[in-house]
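Throughout the sequence shown, residue numbering follows my numbering, covering 20 to 283 in sequence. Glycine is no exception: its CB is placed at the ideal position from the N, C-alpha and C atoms.
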Amino acid sequence: MSTVTTAPATQRVPVAGVDLDVLRRGPGQPLLLLHGFEHIDPRLPIVDLLARDAELLAPSHPGFGGTKRPKDFGTMYDLVHLYLEYIDTLPAGPITLMGISFGGWLAAEIAVKAGRRIGKLILVDALGIKISDRETPDILDVFNAHPDDVVKKSWHDPAKNAPRYDDMEDEELITISRNRETLCRYAFHPYMYSPQLKRWLGFIKARTLVLWGASDGVVKPSYGEAYAKLIPGAKFETIAAAGHHPEIEQPVALAERVQAFLKA
């Protein structure tokens, strides 16, 4: 894994009956970051990099990390309504919403519903739509593909960046297992997309930047280009030497693109 920094504090925020575990860091306007397959490790360099010019707010979805999932909470739209409520607790005025992978799908759903409450939207290797025919998979099945294939397609440089499970403590492995179980609950039927979302992307009001790892084999850059074309005025860019996790493989490059977009 990449070099990590000192872990910033998290806080519990009660929202709609859920105690969200929220990583909070930095000054400035809110940047709400929604994570992908795993919750945001507070030690990752991307945390400090994004917090230089914004107040980074990175919650763990219910069932991920330190956030408990209520028994009656288990769909994508539970997440959407939860975060719409959370956004209402933030300072008045448009905020920046950023989503990575599964969190990109979630961010797109929220941006459709939140209208002008979202001023800027950043989607990074986002899931959530179907662009090919019924028989052609758009998104790698990370649960059923061979683990070696998942690693190969997820990372530009697997030897350097892929997690080494044999080196992890039991508690960390349990958290990862729980994260994956929760991801299945939210996103398995249908697999990692909503049949309705593609129709509504054209109603997003936010200025939008779509960023993609140039080596992503989980969802290829062509999928990202198609995604961007469905959102009015969206700009599409790739990040070199990054797979499906540019926040880990290329944190500096990712942060620079985000900061340039925020300052534009």
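Measure the C-alpha to C-alpha separation of residue i and residue j and round it to an integer number of angstroms.
| i | j | result |
| --- | --- | --- |
| Asn163 | Tyr210 | 11 Å |
| Leu140 | Glu200 | 28 Å |
| Tyr102 | Asp186 | 34 Å |
| Tyr205 | Lys254 | 28 Å |
| Pro270 | Gln278 | 12 Å |
| Phe222 | Ile250 | 8 Å |
| His263 | Asp157 | 14 Å |
| Val99 | Leu53 | 11 Å |
| Gly252 | Gly93 | 33 Å |
| Ser21 | Thr155 | The predicted position of Ser21 is uncertain, since its pLDDT is 45 and thus under 50; a value taken from the coordinates is nonetheless stated next. Going by the C-alpha atoms only, they are around 34 Å apart. |
| Gln30 | Gly236 | 35 Å |
| Val286 | His58 | Past the boundaries of the shown model lies residue 286; the chain is included only from 20 to 283, so the question cannot be answered. |
| Leu116 | Ile193 | 29 Å |
| Gln215 | Trp124 | 12 Å |
| Ala283 | Leu50 | 15 Å |
| Asp167 | Gly112 | 45 Å |
| Glu188 | Ile195 | 11 Å |
| Phe280 | Asp97 | 30 Å |
| Ile258 | Asp144 | 10 Å |
Indicate the three-state DSSP secondary structure (helix, strand or coil) for residue i in the structure shown.
| i | result |
| --- | --- |
| Leu116 | strand |
| Arg71 | coil |
| Ala127 | helix |
| Phe92 | coil |
| Leu18 | This structure gives no information on residue 18, because the portion of the chain shown stretches from 20 to 283. |
| Asp152 | coil |
| Ala133 | helix |
| Phe56 | coil |
| Gly243 | helix |
| Pro33 | strand |
| Gly82 | coil |
| Thr22 | Confidence in Thr22 is poor, its pLDDT being 46 and thus under 50, which makes the residue's placement too unreliable to answer from. |
| Leu146 | coil |
Keeping to the same chain, check which residues put their C-beta closer than 6 Å to that of residue i; ignore five residues upstream and five downstream.
| i | result |
| --- | --- |
| Ala70 | Arg44 and Gly45 |
| Ala245 | Ile150 |
Below 7 Å CB to CB, which residues in the same chain sit around residue i once its five sequence neighbours on both sides are set aside?
| i | result |
| --- | --- |
| Gly55 | Ile119, Ser120, Phe121 and Gly122 |
| Gly134 | Lys224 |
| Lys132 | Val99 and Leu103 |
| Asp40 | Thr29, Arg31, Pro78, Ser79, Gly84, Gly85 and Thr86 |
| Leu202 | Phe56 and Phe121 |
| Val170 | Pro177 and Ala181 |
| Ala261 | His175, Gly232, Ala233, Ser234, Glu268 and Gln269 |
Given residue i, which residues of its chain have a CB within under 8 Å of its CB, disregarding the five upstream and five downstream residues?
| i | result |
| --- | --- |
| Leu109 | Pro49, Leu51 and Leu76 |
| Trp219 | Val131 |
Does residue i have its Cβ less than 9 Å from a Cβ in chain C?
| i | result |
| --- | --- |
| Gly47 | No chain C appears in this structure, which consists of one protein chain only. |
Where in the stretch 176-223 do unbroken runs of the alpha helix (DSSP H), each at least 4 residues long, occur, reported from the N-terminal end onward?
-> 177-180, 189-206 and 216-219
Within the chosen definition, does the stretch 169-176 reach the stretch 87-100 through at least 3 CB pairs nearer than 8 Å?
-> no
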